[in-house]
Amino acid sequence: MTAPAAPTEVDFHFDLMCPFAYQTSVWIRRVREQTDLTINWRFFSLEEVNRQPGKKHPWEREWSYGWSMMRIGARLRRDGMEHLDRYYERAGRALHEEGLRAHDPDVARALLAELDLDPGLVDEAIADPTTHDDIHREHARVVDAGGYGVPTLFFGDHCLFGPVLIDPPDGDAAMRLWNATTTWLEFPHLFELQQPKTREHSDAITRTFRPYLEARDWVSINRGEVVEFPAADRS
Numbered sequence: 002m003t004a005p006a007a008p009t010e011v012d013f014h015f016d017l018m019c020p021f022a023y024q025t026s027v028w029i030r031r032v033r034e035q036t037d038l039t040i041n042w043r044f045f046s047l048e049e050v051n052r053q054p055g056k057k058h059p060w061e062r063e064w065s066y067g068w069s070m071m072r073i074g075a076r077l078r079r080d081g082m083e084h085l086d087r088y089y090e091r092a093g094r095a096l097h098e099e100g101l102r103a104h105d106p107d108v109a110r111a112l113l114a115e116l117d118l119d120p121g122l123v124d125e126a127i128a129d130p131t132t133h134d135d136i137h138r139e140h141a142r143v144v145d146a147g148g149y150g151v152p153t154l155f156f157g158d159h160c161l162f163g164p165v166l167i168d169p170p171d172g173d174a175a176m177r178l179w180n181a182t183t184t185w186l187e188f189p190h191l192f193e194l195q196q197p198k199t200r201e202h203s204d205a206i207t208r209t210f211r212p213y214l215e216a217r218d219w220v221s222i223n224r225g226e227v228v229e230f231p232a233a234d235r236s
């Protein structure tokens, strides 16, 4: 059997609040630098999929962290995917590497100004109810495919969750991971390959996510369960 040609396009579903999705986005950008890959940035809401019974939906709040950040992204994307591309890179780096509260409206405006984009687009995005529609549609696509989190990648109709990592490779290693990931497209009934997390892995995750943990204003939840992180090792 001849292996299919490597994909040249991927839909990358993300939530700006997710530190794992951010790390994967760093990796896939490095793949793009070495190939002709086109990345279409798409949305998925962790706030909605992990919403507790009795709590408001994120679109029912005046400002709702990841949902509102994605509404900014939706507005930017209407002027070109490259604007969302730059915004996700900068806002993700601010939150997940620099520990800045990228989910704060004033910080969001400042980050747009850094990118030579109009800070007023923050307020425009929140005032425009149709930005909700963009997120609803793309979130539903993942759920309808059986997905539950991010990063979720679509190659046409083929949906993959992951790769989930904390140390995105570069150079040849980035391409090896890309080849390993896209090889899955040959096997439509290959559902899962997972490495259990040890205490050492959990400690490494906590160290990598420290800026995010100190900047966030929410509790991390995964499929209804609160995600616990070990206490920081300050030694």
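Everything in the sequence shown is counted per this note's numbering, starting at 2 for the first residue and increasing by one. We put the beta carbon where it would ideally sit given N, CA and C, even for glycine.
Determine the DSSP secondary structure at residue 235, reduced to helix, strand or coil.
-> Working through the sequence shown from its first residue, we reach residue 235 at position 234. At residue 235, the pLDDT of 44 sits below 50, so the modelled position is not reliable; the number obtained from the coordinates is stated separately. In the structure shown, residue 235 sits in coil (DSSP, three-state: anything other than H, G, I, E or B).
Between which two residues does the alpha helix (DSSP H) containing residue 132 stretch?
-> As a working note, residue 132 is residue 131 in the sequence shown. Its alpha helix (DSSP H) spans residues 131-145.
Quick one: give me the first and last residue of the beta strand (DSSP E) that residue 159 is part of.
-> One-based indexing of the sequence shown puts residue 159 at position 158. 159-162 is the extent of the beta strand (DSSP E) around residue 159.
Report the three-state DSSP secondary structure of residue 99 (helix, strand or coil).
-> Within the sequence shown, numbered from 1, the residue matching residue 99 stands at position 98. Coil.
Any 3 or more C-beta pairs closer than 8 Å across the stretch 25-42 and the stretch 171-184 | yes
So, helix, strand or coil for residue 188, using DSSP?
-> On the sequence shown, residue 188 is found 187 positions in, with the first residue counted as 1. It is coil, neither helix nor strand.
Three-state secondary structure (DSSP) of residue 36 | Here residue 36 refers to the residue found at position 35 when the sequence shown is read from its first residue. The answer is coil: DSSP assigns residue 36 none of H, G, I, E or B.
Assign residue 43 to one of three DSSP states: helix, strand, or coil.
-> As a position in the sequence shown, residue 43 is number 42, starting the count at 1. Three-state DSSP puts residue 43 in a strand.
Where residue 212 and residue 146 are concerned, what is the direct C-alpha to C-alpha distance, given to the nearest angstrom?
-> In the sequence shown, the residue the question calls residue 212 occupies position 211. In the sequence shown, the residue the question calls residue 146 occupies position 145. So the alpha carbons of these two residues sit roughly 32 Å apart.
Just confirm the distance between the C-beta atoms of residue 41 and residue 70, as a whole number of angstroms; I'd bet it's less than 8 Å.
-> Locating residue 41 in the sequence shown gives position 40, where the first residue counts as 1. Locating residue 70 in the sequence shown gives position 69, where the first residue counts as 1. Actually they do not touch by this definition, with Cβ atoms about 18 Å apart.
Between residue 226 and residue 202, what straight-line distance do the alpha-carbon atoms span, to the nearest angstrom?
-> By 1-based counting over the sequence shown, the position of residue 226 is 225. By 1-based counting over the sequence shown, the position of residue 202 is 201. Whole-angstrom Cα-Cα distance: 19 Å.
Mind checking whether residue 155 and residue 27 have CB atoms under 9 Å apart?
-> Position 154 of the sequence shown, counted from the first residue, corresponds to residue 155. Position 26 of the sequence shown, counted from the first residue, corresponds to residue 27. For residue 155 and residue 27, no; Cβs fall outside 9 Å.
For residue 236, I'd like the list of residues in its chain whose CB is within less than 7 Å of its CB, leaving aside the five on either flank, ordered along the chain.
-> For this step, residue 236 is matched to residue 235 along the sequence shown. Any reading at residue 236 is ruled out, since the residue's pLDDT is 39, under 50, leaving its predicted position unreliable.
Work out the CA separation of residue 37 and residue 7 for me, nearest whole Å.
-> For the purposes of this step, residue 7 is taken as residue 6 along the sequence shown, with counting starting at 1. For the purposes of this step, residue 37 is taken as residue 36 along the sequence shown, with counting starting at 1. Going by the C-alpha atoms only, they are around 10 Å apart.
Does the distance from the C-beta atom of residue 132 to that of residue 143 stay below 9 Å?
-> If you number the sequence shown from 1, residue 132 lands on position 131. If you number the sequence shown from 1, residue 143 lands on position 142. No; because the gap between Cβ atoms is not below 9 Å, this pair is not in contact.
Report all residues from its chain with a CB closer than 8 Å to the CB of residue 90; omit the five preceding and five following residues, and keep chain order.
-> On the sequence shown, position 89 is the one that residue 90 refers to. Result list for residue 90: 26, 30, in chain order.
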